[in-house]
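The next block holds one structure in the form of structure tokens; read it before the comments.
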Amino acid sequence: QALPVAVYMTDAEGRITFYNDAAAELWGCRPQLGSDKWCGSWRIYWPDGRPLPHDECPMALTLKQGKPIRGVEAIAERPDGTRVRFLPYPTPLWDGEGRLTGAINLLMDITERQEAGIQAARLAAIVSSSDDAIVSKTLDGTITSWNAGAANIFGYEADEMVGQHITRIIPPDLHGEEEQILARLRRGERIHHYETIRVAKDGRRVDMSVTVSPLRDESGTVIGASKVGRDISERKQAEKLQRLLTQELNHRVKNTLATVQAIASQSSRHARSPADFVRSFSGRVQALGRAHDLLTQTKLRGAEIMELVRDQVLLGQKHDPRIAASGPALMLDAQSTTHLALVLHELATNARKHGALSVPQGRLCVSWQVQTNGGRDLLLEWKESGGPRVHAPKWRGFGSTLIERTLEAHGGETSMIYDSEGVTGRIRLPLPQESEPRFERQGPSREARAAWTNEQTSSQSTGLSGKRIILIEDEPLLAMDLESSLTDIGCEVSGSAGTIEAGKLLVAAANCDAALLDVNLAGNPVDELAAALTRRNIPFAFVTGYGRAGLPAAFRDALVLAKPFNDDQLRAVLEQLLQPSTAVVQFRQKR
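If you're matching positions, the sequence shown starts at 2 in my numbering and goes up one per residue.
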């Protein structure tokens with residue numbers, strides 16, 4: 002009775018003659034001695050769930066066959082519905098004369114063992130099918146298991162890694178990190194989700210999020226570790242892209258604000274009255290807005306030239322019988338789109354105020370073609386006819402200067418012919434953008450400004466008077482506004498450029514005191530130009546909307562003029578730049 006294992010006995014006919022308390026507990030009931038046969042279980046099943054008749058149970062077979070039955074599992078169902086998986090050991094009993102007198106059966110409850118096996122099988126299935134890398138190792142770092150997820154991420158099969166040291170997939174500069182982790186594991190600590198780098202078989206560096214748990218033996222002693230690692234390379238790339246997009250958005254917004262500021266400044270300088278300023282400024286900002294609408298439709302990749310012409314010349318009208326446009330399909334890049342939009346706006350505004358579109362019988366024909374002659378050039382012709390007689394203007398207004406400077410920034414050119422038939426404008430715009438440096442400078446119209454206000458601007462900083470500055474800026478409006486602001490504070494503009502190649506020539510030939518350098522020219526970094534200025538000992542400041550994080554790595558400590566800016570901020574940067582103690586920015590040493 003005191004045995005902790007279920008035991009019972011039967012006579013030769015199978016009637017139960019004895020059972021202990023452990024057997025009664027396993028069965029969930031107490032059978033009648035001398036009458037109940039074969040087994041005390043209420044119901045019995047095979048391991049696959051099929052009913053097992055009592056007279057076919059292992060004990061019955063032992064009595065019928067006269068031999069022990071081994072290796073057969075069964076399931077006993079108690080009256081309350083609970084089930085116990087057991088392993089029987091029925092053995093026949095013989096008397097001294099060799100006659101069968103009965104049998105004894107020992108029942109081993111293997112329910113917990115079976116559940117543990119099921120759990121182990123489930124865990125093994127999870128490990129083998131997981132996309133995550135699941136690796137176990139000893140406390141000295143030797144790999145003991147390596148699942149399919151690890152093989153997919155790192156490129157090593159299990160037979161290549163089991164028995165190898167874990168540092169095989171750890172970059173040399175992170176071996177110290179692994180030693181710290183092993184030390185924490187020996188103390189029984191669990192390391193939750195830390196981000197690190199691993200190296201794949203092909204040499205790729207893989208961003209990983211790793212959780213490490215200690216493995217213990219039956220006594221609770223830590224004997225190893227289990228690592229679960231998730232490849233977060235895509236997430237890291239997405240985060241990097243998000244940061245890049247945020248920086249780019251910040252740059253574009255600040256650039257747009259700086260452009261609007263420049264439009265306002267230049268429009269005010271050339272306006273004859275406040276009302277004239279409102280009209281010209283509003284029209285130019287609206288032209289810029291329409292160009293950005295077109296860019297938004299293509300996710301800022303560019304705009305179709307026909308749509309651009311229709312947008313800027315028709316001003317939202319579906320049709321105007323006086324206007325004709327023709328030419329091949331051509332997608333302009335984002336920068337060319339905004340610049341050409343302002344050029345077309347100025348031409349259309351003049352045509353509506355003074356030219357062919359100011360009268361019903363006037364006509365305007367806009368045509369273009371792409372010429373390939375050692376490069377690709379957009380040739381656009383603006384031809385007015387049937388309008389009032391026109392004459393060449395006596396003074397250069399903002400519109401004329403804007404057209405000329407915008408095209409110069411792209412290495413293009415324009416010519417305007419005024420005759421009795423009307424205005425004819427011919428524009429050449431290189432595709433893609435390539436330009437030559439322009440060292441001459443077209444000053445603003447002081448006469449127009451004086452008609453609006455009698456205020457005379459003079460240099461507020463005598464320390465800047467006569468200082469020669471060169472500009473490298475790819476936004477024509479910003480370059481024009483910078484030139485005006487520099488002139489207002491007493492500086493001289495020695496030259497300007499809008500591309501990398503033009504900037505190199507300008508820096509090489511420049512005789513100046515300082516330079517203002519846009520941090521990005523048509524999407525290209527300006528590291529070479531910054532280095533060239535440094536070699537020539539020309540102090541310079543970056544003009545940017547990106548912030549200091551967007552500066553070339555070797556020049557992160559340079560002065561920055563953040564877009565948009567005012568004259569006071571420009572003056573402060575130049576004064577700091579031109580102080581006798583100001584040193585040229587030195588290259589950061591690469592390690």
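We put the CB at the ideal spot given by N, CA and C, even for glycine.
Beta-bridge partners of residue i, as assigned by DSSP
i	result
Asn-148	DSSP lists no partner for Asn-148.
Val-163	Paired residue(s): none; Val-163 is not in a bridge.
Trp-95	Leu-101
Leu-108	Ala-7 and Pro-89
Val-494	Ile-470
Met-417	Gly-426
Ala-503	DSSP lists no partner for Ala-503.
Ser-137	Ser-146 and Ser-227
Thr-197	Met-209
Phe-12	Note that residue 12 is Asp in the sequence shown here, rather than Phe. In DSSP, Asp-12 forms a bridge with Gly-103.
Phe-155	Phe-155 is not bridged to any residue.
Ser-19	Ser is not the amino acid found at residue 19; the sequence shown has Phe there. Paired residues: Met-10.
Pro-52	Tyr-46
Ala-75	Phe-87
Leu-483	DSSP lists no partner for Leu-483.
C-alpha gap between residue i and residue j, whole angstroms
i	j	result
Ser-462	Gln-580	Confidence at Ser-462 is low in this model, with a pLDDT of 41, below 50, so the placement of that residue should be treated as unreliable; the coordinate-derived value is given next. Using only the alpha carbons, I get a separation of about 13 Å.
Arg-302	Ile-501	21 Å
Val-136	Phe-87	35 Å
Gly-50	Phe-155	43 Å
Leu-606	Glu-414	Because the chain here runs from 2 to 592, residue 606 falls outside it and cannot be looked at.
Arg-291	Asp-312	7 Å
Met-60	Arg-114	23 Å
Gly-546	Leu-124	54 Å
Cys-513	Ala-532	16 Å
Arg-572	Asp-475	21 Å
Ala-452	Ser-401	Confidence is the limiting factor: at Ala-452 the pLDDT is only 32, short of 50, which leaves the residue's position unreliable and the question unanswerable from this model.
Pro-329	Leu-403	26 Å
Asp-558	Lys-255	21 Å
Ala-542	Leu-465	15 Å
Pro-275	Gln-287	18 Å
Glu-382	Gln-243	42 Å
Trp-369	Tyr-419	20 Å
Val-6	Val-211	45 Å
Leu-530	Ala-326	41 Å
Arg-236	Ala-151	18 Å
Trp-28	Gly-97	33 Å
Ala-134	Leu-94	56 Å
Gly-356	Ala-393	12 Å
Ser-520	Asp-141	The identity of residue 520 in the sequence shown is Val, whereas the question assumes Ser. The alpha-carbon atoms of Val-520 and Asp-141 are separated by roughly 51 Å.
Asp-528	Gln-165	45 Å
Ser-497	Leu-358	35 Å
Asp-12	Val-128	51 Å
Gly-230	Ile-192	12 Å
Cys-366	Glu-385	6 Å
Val-508	Pro-477	19 Å
Residue of the options minimising C-alpha distance to residue i
i	options	result
Asn-148	Val-367, Gln-362, Ser-227 and Ala-272	Ser-227
Leu-483	Leu-506, Lys-505, Ala-511 and Ala-516	Ala-516
Gly-376	Pro-565, Ile-45 and Leu-432	Leu-432
Glu-14	Pro-5, Gln-66 and Ala-509	Gln-66
Gly-177	Ile-198, Gly-189, Arg-188 and Ile-76	Ile-198
Leu-379	Val-371, Glu-385 and Ser-386	Val-371
Phe-556	Pro-526, Glu-576, Arg-84 and Gln-570	Pro-526
Leu-506	Thr-488, Arg-537, Cys-492 and Ser-486	Arg-537
Thr-297	Thr-338, Ser-283, Ile-324 and Leu-258	Thr-338
Leu-34	Ala-304, Arg-16, Leu-479 and Ala-25	Arg-16
Residue-level contact to chain C via CB, residue i, 9 Å cutoff
i	result
Leu-403	Of the protein chains in this structure there is only one, and it is not chain C.
Cβ neighbour criterion (16 or more within 10 Å) applied to residue i
i	result
Glu-456	Only weak support is given to the placement of Glu-456: the predicted model assigns it a pLDDT of 35, under 50, and the value that follows is read from those uncertain coordinates. Counting Cβ neighbours within 10 Å, Glu-456 comes out exposed, since fewer than 16 surround it.
Ser-416	exposed
Ser-281	buried
Ser-42	buried
Glu-448	Residue placement at Glu-448 is poorly supported in this model, since its pLDDT is 34, which falls under 50; the coordinates still yield a value, given next. Answer is exposed; the Cβ neighbour count stays below 16.
Lys-68	exposed
Lys-38	buried
Gly-412	buried
Gln-267	buried
Glu-347	buried
Thr-407	buried
Glu-116	exposed
Pro-52	exposed
Pro-48	exposed
Thr-18	exposed
Runs of alpha helix (DSSP H) wholly within the segment 321–387 (minimum 4 residues, chain order): 335–354
Ordered list of beta strand (DSSP E) runs contained in the segment 200–228, each at least 3 residues: 206–217
Completely contained alpha helix (DSSP H) runs for the segment 525–563, where each covers 4 or more residues: 528–536
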